[in-house]
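Numbers -1 to 218, taken from this note's numbering, label the letters of the sequence shown in order.
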Amino acid sequence: MTEAPIEARAGWLTGFARGGYRVWGLALAGVLMTVLLAQIVMERVAILTDGAEVRLATAPVDPRDIFRGDYVILNYRISTLSLEDLTDTPEAFTEGGLIYVSLKEGANGIWEPVAAAPTLPGHTAGVVTIRGRITSLSQTGPVTAIGEAPRPLEDATGIRLRVDYGIDQYFVPEGTGPALEADRNEGTVSVLVAVAENGNAAIKGIVLNGGDPVYLEPLF
-1 MTEAPIEARA
9 GWLTGFARGG
19 YRVWGLALAG
29 VLMTVLLAQI
39 VMERVAILTD
49 GAEVRLATAP
59 VDPRDIFRGD
69 YVILNYRIST
79 LSLEDLTDTP
89 EAFTEGGLIY
99 VSLKEGANGI
109 WEPVAAAPTL
119 PGHTAGVVTI
129 RGRITSLSQT
139 GPVTAIGEAP
149 RPLEDATGIR
159 LRVDYGIDQY
169 FVPEGTGPAL
179 EADRNEGTVS
189 VLVAVAENGN
199 AAIKGIVLNG
209 GDPVYLEPLF
């Protein structure tokens, strides 16, 4: 039998090595993806099991965009904030930046905003802090003269924020969404939310008319 030239054998070994590296690379990428997904799932489970529970009031949503398949679109009263009621340093907030909103429970069981900060504040008894991102910032009210710039941001009067807390969609059983959204727009829906110590939040359940939850989020 004629032995293959050294160059041919070397080429075959090089190709095999490259193929092996490719397989190992794909396997490693798969492992990393699995670990990442597991980390995301476990973080959410930790929020739902260990997070502080608050109940948030919902607000009506534009009817042109209220239902997507089996996801109910949720809007919260705390999604629109008036800075003059919550902070003495409005200049610290910027569109696209983070905001930490401190909540306290009201007499009706709904948690309402009592303060806002650009960084996570220290723990205070009876207060839960939820983290969000500012999607828009506007200032209302008259200016001193036509064409003159509005009041400086250092003056919190009239400054309103729109905030996204990452809890604006909720999966519901098929066919139940329209009725639930009708209840939401009538103001009878509130949402149980679990909030971790770092401010991250996850929806825990849906409440109708202040009663027991009608939908509870599974851990997995």
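In this text, a Cβ means the ideal position worked out from N, Cα and C, and glycines have one as well. Note that the structure is predicted; figures quoted are calculated from it, not measured.
With contact defined as three or more Cβ pairs closer than 8 Å, the stretch 164 to 179 and the stretch 70 to 83 are in contact. Under the 8 Å Cβ criterion, the stretch 192 to 201 does not count as touching the stretch 173 to 183, having fewer than three qualifying pairs.
Apart from the 5 residues on each side of it in sequence, residue 93 sits with its Cβ closer than 8 Å to the Cβ of 132, 133, 134, 135 in its chain, given in chain order.
In this structure, DSSP gives residue 73 an extended state, which the three-state scheme calls strand. Of the other Cβ atoms in all chains shown, fewer than 16 fall within 10 Å of the Cβ of residue 26; this residue is therefore exposed.
When C-beta atoms of the stretch 81 to 88 are compared with those of the stretch 117 to 132, fewer than three pairs fall below 8 Å, so the two segments do not count as touching. If you look at residue 90, you'll find it isn't in any alpha helix (DSSP H); DSSP assigns it neither H nor E.
For residue 178, the uninterrupted alpha helix (DSSP H) run begins and ends at 175 to 183, by DSSP. Sequence-distant Cβ neighbours of residue 42 in its own chain, meaning closer than 7 Å and more than five residues away, are 200. The Cβ-Cβ distance between residue 78 and residue 161 falls below 9 Å. When 117, 197, 183 are compared, the shortest CA-CA separation from residue 164 is found for 197. DSSP links residue 102 through a beta bridge to 110, 125. Contact between residue 124 and residue 53 fails: their C-beta atoms lie close to 15 Å from each other, not under 8 Å. Non-local beta-carbon contacts of residue 157 in its own chain, meaning distances under 6 Å to residues more than five positions away in sequence, involve 81, 88, 137 in chain order.
Just so you know, the alpha carbons of residue 203 and residue 105 end up roughly 20 Å apart. In the DSSP annotation of this structure, the continuous segment of the beta strand (DSSP E) that includes residue 51 starts and ends at 50 to 57. Each of 75, 51, 47, 24 was checked against the Cα of residue 183, and the nearest Cα belongs to 75. Rounded to the nearest whole angstrom, the CA to CA distance from residue 187 to residue 113 is 24 Å. A buried status is given to residue 99, since no fewer than 16 other beta-carbon atoms sit within 10 Å of its beta-carbon. In the same chain as residue 58, and ignoring 5 residues on each side of it, the C-beta atoms closer than 6 Å to its own belong to 183, in chain order. Taken through DSSP and simplified to helix, strand or coil, residue 193 comes out as strand.
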